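S.K.: One structure, pasted below without further comment.
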Amino acid sequence: MTRKNIISSNWANGVCRANDININYLRTGGNKPPLIALHGLAGSGACWSQMARALEKDYDVIMPDARGHGLSSAPSHGYTYQDHANDVIELIRTLGIKSPYLLGHSMGGMTAAMVASRLGFAISGLVLADPTFISPEWQEGIYESGVVDQHLQLLKSTKEALFREAKARHRYRSSELIEHIIQARLQTNVKAFDVLIPPNPEFDELIRNVYVPTLLVLGSEGIVSSETALELHKLNPDLQYKLIPDAGHGLPYDEPARLAAAVDAFLRPVATAVKRVKTHTRSNAYAASFAY
1 MTRKNIISSN WANGVCRAND ININYLRTGG NKPPLIALHG LAGSGACWSQ MARALEKDYD
61 VIMPDARGHG LSSAPSHGYT YQDHANDVIE LIRTLGIKSP YLLGHSMGGM TAAMVASRLG
121 FAISGLVLAD PTFISPEWQE GIYESGVVDQ HLQLLKSTKE ALFREAKARH RYRSSELIEH
181 IIQARLQTNV KAFDVLIPPN PEFDELIRNV YVPTLLVLGS EGIVSSETAL ELHKLNPDLQ
241 YKLIPDAGHG LPYDEPARLA AAVDAFLRPV ATAVKRVKTH TRSNAYAASF AY
């Protein structure tokens with residue numbers, strides 16, 4: 001089974017030591033605003049490849065594999081959202097990434113929100129693609145639904161069988177992307193599903209404590225409802241939200257072009273505003289150097 005690889009040969013594939021584990025990452029590179037993209041449960045950094053292709057002209061897209069996923073380490077414990085957030089913060093520090101934007105999908109969206117609530121103005125903006133902003137009851141239902149057993153059963157299948165099944169179920173997804181999704185699933189350690197153990201973080205409190213421009217992208221058939229988005233906007237007026245119609249939870253997989261366009265349309269004016277603030281700050285500092 002040979003198909004074109006959508007991971008560019010120009011991208012860097014690196015390993016960062018963070019919190020006593022190795023975090024593998026892909027990076028498009030270049031002297032551009034850094035955008036850290038955090039994948040969902042049973043995904044990997046490579047699952048952002050199609051979107052990264054659309055964004056790499058204007059952004060240095062960094063796509064880490066979360067612990068227990070992809071080529072990153074799979075420790076025997078430590079899979080809470082707090083642990084995932086700690087890894088991202090250490091990745092930012094170790095790689096010396098200045099004022100990044102954060103983009104997160106599903107589990108990665110909750111992680112990104114937690115990172116943003118902790119780092120404040122050390123990040124420049126936040127985009128959340130249908131994050132796991134769900135009720136405690138829903139969280140408990142997911143945990144008790146047998147997803148771990150389903151994952152263990154899936155690991156017994158061949159890549160070819162999984163590809164045929166996924167292609168039949170998601171015929172609009174590119175074959176290249178489906179291969180990355182399957183590979184990510186097969187690389188996911190069973191301990192990674194510990195992130196589903198209730199309770200989830202209180203997402204309304206996280207959003208209340210985010211101080212940078214935020215975009216919440218919803219699918220009309222996704223997890224986060226328009227009503228929840230409106231309530232979060234009331235809690236934090238810096239949060240905007242955009243609905244992508246006829247889309248479900250898998251926004252980066254099913255709607256990579258529309259999601260990339262929404263991300264870029266939101267971040268461009270944010271980047272301009274940040275640049276103006278920094279220029280103004282530098283000008284004031286320069287003027288102050290001549291003051292008595």
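For the sequence shown, UniProt numbering begins at 1 and goes up steadily by one. All C-beta atoms in this analysis are idealised placements derived from N, C-alpha and C, irrespective of residue type, glycine included. A quick note: this is a predicted structure, and the numbers were derived from the prediction, not measured.
(1) Spatial neighbours of residue 298 within its chain, please: CB distance less than 7 angstroms, with the 5 preceding and 5 following residues excluded, ordered by chain position.
(2) For the region 166–181 and the region 31–39, state whether three or more C-beta atom pairs, one from each stretch, are separated by less than 8 angstroms.
(3) From Asn22 to Thr94, what does the alpha carbon distance come to, in whole angstroms?
(4) What span of residues does the alpha helix (DSSP H) with Ile36 cover, start to end?
(5) Straight-line CA distance for Pro75 to Ala166?
(6) Measure the Cβ-Cβ separation of Gly104 and Thr111 and say whether it is below 8 angstroms.
(7) With DSSP as the reference, please indicate the residues paired to Gln50 in a beta bridge.
(8) Work out the CA separation of Asp238 and Thr214 for me, nearest whole Å.
(9) Alpha helix (DSSP H) containing Pro252: first to last residue?
(10) Please state whether DSSP places Ile244 in a helix, a strand or coil.
(11) Given this structure, state the Cα-to-Cα distance separating Lys191 from Trp138, to the nearest angstrom.
(12) Is there contact between the region 220–232 and the region 145–157, where contact requires at least three CB pairs shorter than 8 angstroms?
(13) Using the rule of at least 16 other Cβ atoms within 10 Å of the residue's Cβ for burial, across every protein chain shown, is His84 buried or exposed?
(14) Within 8 angstroms, do at least three Cβ pairs link the region 61–77 to the region 263–272?
(15) Let me check understanding here. Comparing Cα to Cα, which of Leu55, Leu196, Pro100 lies closest to Pro256?
(16) When the Cα atoms are used, what is the spatial distance from Val263 to Lys156?
(17) According to DSSP, is Pro64 helix, strand or coil?
(18) Secondary structure at Arg27, three-state DSSP: helix, strand or coil?
(19) By a C-beta neighbour count over all protein chains shown, 10 Å radius and 16 as the cutoff for buried, is Ile197 buried or exposed?
(20) In or out: His77 buried (at least 16 other Cβ within 10 Å) or exposed?
(21) Based on Cα-Cα distance, which residue from Ala184, Gln153, Glu205 lies nearest to Leu48?
M.R.: Taking the definition as stated:
(1) No answer is possible for residue 298: the residues shown for the chain start at 1 and end at 292.
(2) no
(3) The sequence position of residue 22 within the sequence shown is 22, counting from 1. The sequence position of residue 94 within the sequence shown is 94, counting from 1. Rounded to the nearest angstrom, the two C-alpha atoms are 12 angstroms apart.
(4) For the purposes of this step, residue 36 is taken as residue 36 along the sequence shown, with counting starting at 1. Run containing Ile36: none in the alpha helix (DSSP H); it sits in the beta strand (DSSP E), 34–38.
(5) Numbered from 1 along the sequence shown, position 75 holds the residue referred to as residue 75. Numbered from 1 along the sequence shown, position 166 holds the residue referred to as residue 166. Between Pro75 and Ala166, the C-alpha separation is close to 29 angstroms.
(6) Taking the sequence shown and counting its residues from 1, one reaches residue 104 at position 104. Taking the sequence shown and counting its residues from 1, one reaches residue 111 at position 111. Result yes, Cβ atoms of Gly104 and Thr111 sit closer than 8 angstroms.
(7) Your numbering for residue 50 matches position 50 in the sequence shown. Beta-bridge pairing links Gln50 to no other residue.
(8) Position 214 of the sequence shown holds residue 214. Position 238 of the sequence shown holds residue 238. The straight-line gap from Cα to Cα measures roughly 6 angstroms.
(9) Taking the first residue of the sequence shown as position 1, residue 252 is located at position 252. Residues 251–254.
(10) For the purposes of this step, residue 244 is taken as residue 244 along the sequence shown, with counting starting at 1. DSSP places Ile244 in strand when its eight states are reduced to three.
(11) Counted from its first residue, the sequence shown places residue 191 at position 191. Counted from its first residue, the sequence shown places residue 138 at position 138. C-alpha separation (whole angstroms): 20 angstroms.
(12) no
(13) Along the sequence shown, read from residue 1 onward, the residue named residue 84 stands at position 84. Classification for His84: buried.
(14) no
(15) By 1-based counting over the sequence shown, the position of residue 256 is 256. The residue with the shortest Cα to Cα distance from Pro256 is Leu55.
(16) Taking the sequence shown and counting its residues from 1, the one referred to as residue 263 is at position 263. Taking the sequence shown and counting its residues from 1, the one referred to as residue 156 is at position 156. Each residue's alpha carbon lies about 37 angstroms from the other.
(17) Taking the sequence shown and counting its residues from 1, the one referred to as residue 64 is at position 64. DSSP places Pro64 in strand when its eight states are reduced to three.
(18) What you label residue 27 is simply residue 27 of the sequence shown in a count that begins at 1. Three-state DSSP puts Arg27 in a strand.
(19) For the purposes of this step, residue 197 is identified with residue 197 of the sequence shown, where counting begins at 1. By the neighbour-count rule (16 or more Cβ atoms within 10 Å), Ile197 is not buried but exposed.
(20) In the sequence shown, residue 77 corresponds to position 77, counting from 1. His77 is exposed by the Cβ-count criterion.
(21) Working through the sequence shown from its first residue, we reach residue 48 at position 48. The sequence shown places Trp at residue 48, not Leu. That would be Ala184, whose Cα lies nearest to the Cα of Trp48.
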